[in-house]
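**Student:** What follows is a structure written as structure tokens; I'll ask about it next.
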Amino acid sequence: DAGVTQSPTHLIKTRGQQVTLRCSPKSGHDTVSWYQQALGQGPQFIFQYYEEEERQRGNFPDRFSGHQFPNYSSELNVNALLLGDSALYLCASSLVGGNTDTQYFGPGTRLTVL
Amino acid sequence: DAKTTQPNSMESNEEEPVHLPCNHSTISGTDYIHWYRQLPSQGPEYVIHGLTSNVNNRMASLAIAEDRKSSTLILHRATLRDAAVYYCILRDVRAGNQFYFGTGTSLTVIP
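Chains as they are written, first to last, in the working numbering: chain A, 1 to 114; chain B, 1 to 111.
Structure representation (structure tokens):
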């Protein structure tokens, strides 16, 4: 049973560029959440997707957007990258209507903005 | 967002019990208490959760104060593989399934 997978593992971009990160949820899960984790900090909630719609959003600007596909996989897009966007981006999946107490996290994508 | 307060770091000797405290004085009646841990270079991993009663699973125990304003994660016998950052999180069931993490407690296990 594959867990949550994320790609790419590492990414280097320059200021002003755009980036797309990808996430495949754990088998059987239908909800995907994205988190940003700066160095030495806990993960910060960005947004959550369910039924291909953004259901919840944290305190992040509109430069951060996402998408969920019919197969429940998800993308996180960040436009006009800033140096402060350098972080580990984590994807977590869960099952709405099932045991919604547990989120399963992927290993993350390390984004470096130069 | 309900907040949690944890010590920045703790140390434990291998094979001894570890008690990781968490204060959440602003907890509401619908907040679940969750614990996750994050090993180096990995995403967070579920440990345990509860609402009002103490909970046990194969990984740990969760002791919740009667007024629910604090809780303690108990690792019964610390191993070197338990060295990680432990996060105490409050999840409001009315606000969806997202978690609001603090900075966590970095646990060092001494051989």
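For each residue, glycine too, the CB sits at the ideal point set by N, CA and C.
1. Counting along the chain, where does the beta strand (DSSP E) carrying residue 109(B) start and finish?
2. Can you tell me where the beta strand (DSSP E) with residue 53(A) in it begins and where it stops?
3. Am I right that residue 108(A) and residue 6(A) are in contact with their C-beta atoms under 8 Å? What's the rounded C-beta distance?
4. Is residue 15(A) helix, strand or coil by DSSP?
5. To the nearest angstrom, how far is the alpha carbon of residue 13(A) from that of residue 47(A)?
6. Under 9 Å Cβ-Cβ, which residues of chain C neighbour residue 87(B)?
7. Going by DSSP, which residues form a beta bridge with residue 7(A)?
8. Under a Cβ-count criterion, where at least 16 other Cβ atoms within 10 Å of its own Cβ denotes burial, should residue 25(A) be classed as buried or exposed?
9. Which residues in chain A have a C-beta closer than 7 Å to the C-beta of residue 44(B)? List them in chain order.
10. Extract the residue ranges of the beta strand (DSSP E) inside the stretch 71-113 of chain A, only unbroken runs of 3 or more that lie entirely within it.
11. From 17(B), 76(B), 52(B), 12(B), pick the residue whose C-alpha is nearest to that of residue 28(B); which is it?
12. Work out the CA separation of residue 82(B) and residue 106(B) for me, nearest whole Å.
13. What residues of chain A sit near residue 103(B), judged by a beta carbon separation below 9 Å?
14. Compare the beta carbon distance of residue 43(A) and residue 35(A) with 8 Å and say whether it is the shorter of the two.
15. Have a look at 77(A), 67(A), 111(A), 62(A) and flag the residue whose alpha-carbon is nearest the alpha-carbon of residue 32(A).
16. Excluding the 5 residues flanking residue 87(A) on each side, which residues of the same chain have their C-beta closer than 7 Å to its C-beta?
17. For residue 54(B) and residue 11(B), what's the separation of their Cα atoms in angstroms?
18. If we define contact as Cβ-Cβ less than 8 Å, is residue 76(A) a contact residue for chain B?
19. Along chain B, which residues have their Cβ under 7 Å away from the Cβ of residue 90(A)?
20. Give a yes or no on whether the minimum CB-CB distance between residue 28(A) and chain B is below 8 Å.
21. How many Å lie between residue 30(B) and residue 90(B) at the Cα?
22. Compare the C-alpha of residue 60(A) against each of 30(A), 45(A), 53(A) and name the closest.
23. Residues bridged to residue 84(B) by DSSP?
**Tutor:** Walking through what the data contain:
1. Following the DSSP letters along the chain, one finds residue 109(B) inside the beta strand (DSSP E) bounded by residues 105-110.
2. Here the beta strand (DSSP E) through residue 53(A) covers 53-57.
3. With a Cβ gap of about 6 Å, residue 108(A) and residue 6(A) count as contacting.
4. Look at residue 15(A) here: in three-state DSSP terms it is coil, with no helix or strand label.
5. Taking the straight line from one Cα to the other gives about 22 Å.
6. No chain C appears in the structure shown, which is made up of the protein chains A and B.
7. Beta-bridge pairing links residue 7(A) to 22(A).
8. Looking at its Cβ environment, which holds 16 or more other Cβ atoms inside 10 Å, residue 25(A) is buried.
9. Listed along the chain, the chain A residues whose CB falls inside 7 Å of the CB of residue 44(B) are 43, 105.
10. As far as the stretch 71-113 of chain A is concerned, its whole beta strand (DSSP E) runs of at least 3 residues are 74-78, 87-94, 109-113.
11. 52(B) is the residue among 17(B), 76(B), 52(B), 12(B) whose C-alpha sits nearest the C-alpha of residue 28(B).
12. Between the C-alpha atoms of residue 106(B) and residue 82(B) there is a straight-line separation of about 10 Å.
13. Against residue 103(B), the close residues of chain A are 40, 41, 42, in the order they occur along the chain (beta-carbon pairs closer than 9 Å).
14. The beta carbons of residue 43(A) and residue 35(A) sit closer together than 8 Å.
15. Selected option, being the one with the closest Cα: 67(A).
16. Result list for residue 87(A): 36, 37, 38, 111, in chain order.
17. Going by the C-alpha atoms only, they are around 24 Å apart.
18. Not an interface residue.
19. Result: 43.
20. So, not an interface residue.
21. Rounded to the nearest angstrom, the two C-alpha atoms are 9 Å apart.
22. Of the listed residues, the one whose Cα sits closest to residue 60(A) is 45(A).
23. Answer is 107(B), bridged to residue 84(B).
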